[in-house]
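Before any comments, here is the structure.
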Amino acid sequence: MAYVNGNLALQPKRKPGQKEVIRETKKVVIKRKSLPVQEKLLYLFTVIICVVVAGIIISRYAHIYDMNLHIKQLNTENQTLNVEMAELKRQVEMLGDPERIRKLAESQGMVSSSVDNGIMVKKDSVNPSIALHE
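All letters in the sequence shown, in the order written, are residues 1307 to 1440 by our numbering.
See the structure below:
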């Protein structure tokens, strides 16, 4: 590529009396009228309505998120309570076992009766009038 700017060999010779011709061009500038007040207010209210609607939508999504979080917490609490309830049912079955109750009663001094007719009461330890009152 030839070096054009600053290379005098490529510039045409000028005659001494020749002046450069400068053309003046006029550019048409169109002034836009400013918006009327009513139109400005219309745009302002449109923007305000959009912001309010967006705020309502965001608040609803936040509320839904909070409810979902609360539901997850309740589900985990429910699962832990179910596990605890199963453990307590197992304990009730274990503690309600008749064989275990009999062994515990015998270890605490229960004497098994040979007669299955009823309850035997010793006369010297309990007042018989109270026992027969019913």
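Glycine is no exception: its CB is placed at the ideal position from the N, C-alpha and C atoms.
Keep in mind the model is a prediction, meaning the values are calculated, not measured.
Val1389 and Phe1351 have their C-alpha atoms spaced approximately 57 Å apart. Membership of Leu1341 in any alpha helix (DSSP H) is not indicated, and neither H nor E is assigned to it by DSSP. Met1400 and Lys1409 have their C-alpha atoms some 13 Å from each other. In the structure shown, the three-state DSSP call for Gln1397 is helix.
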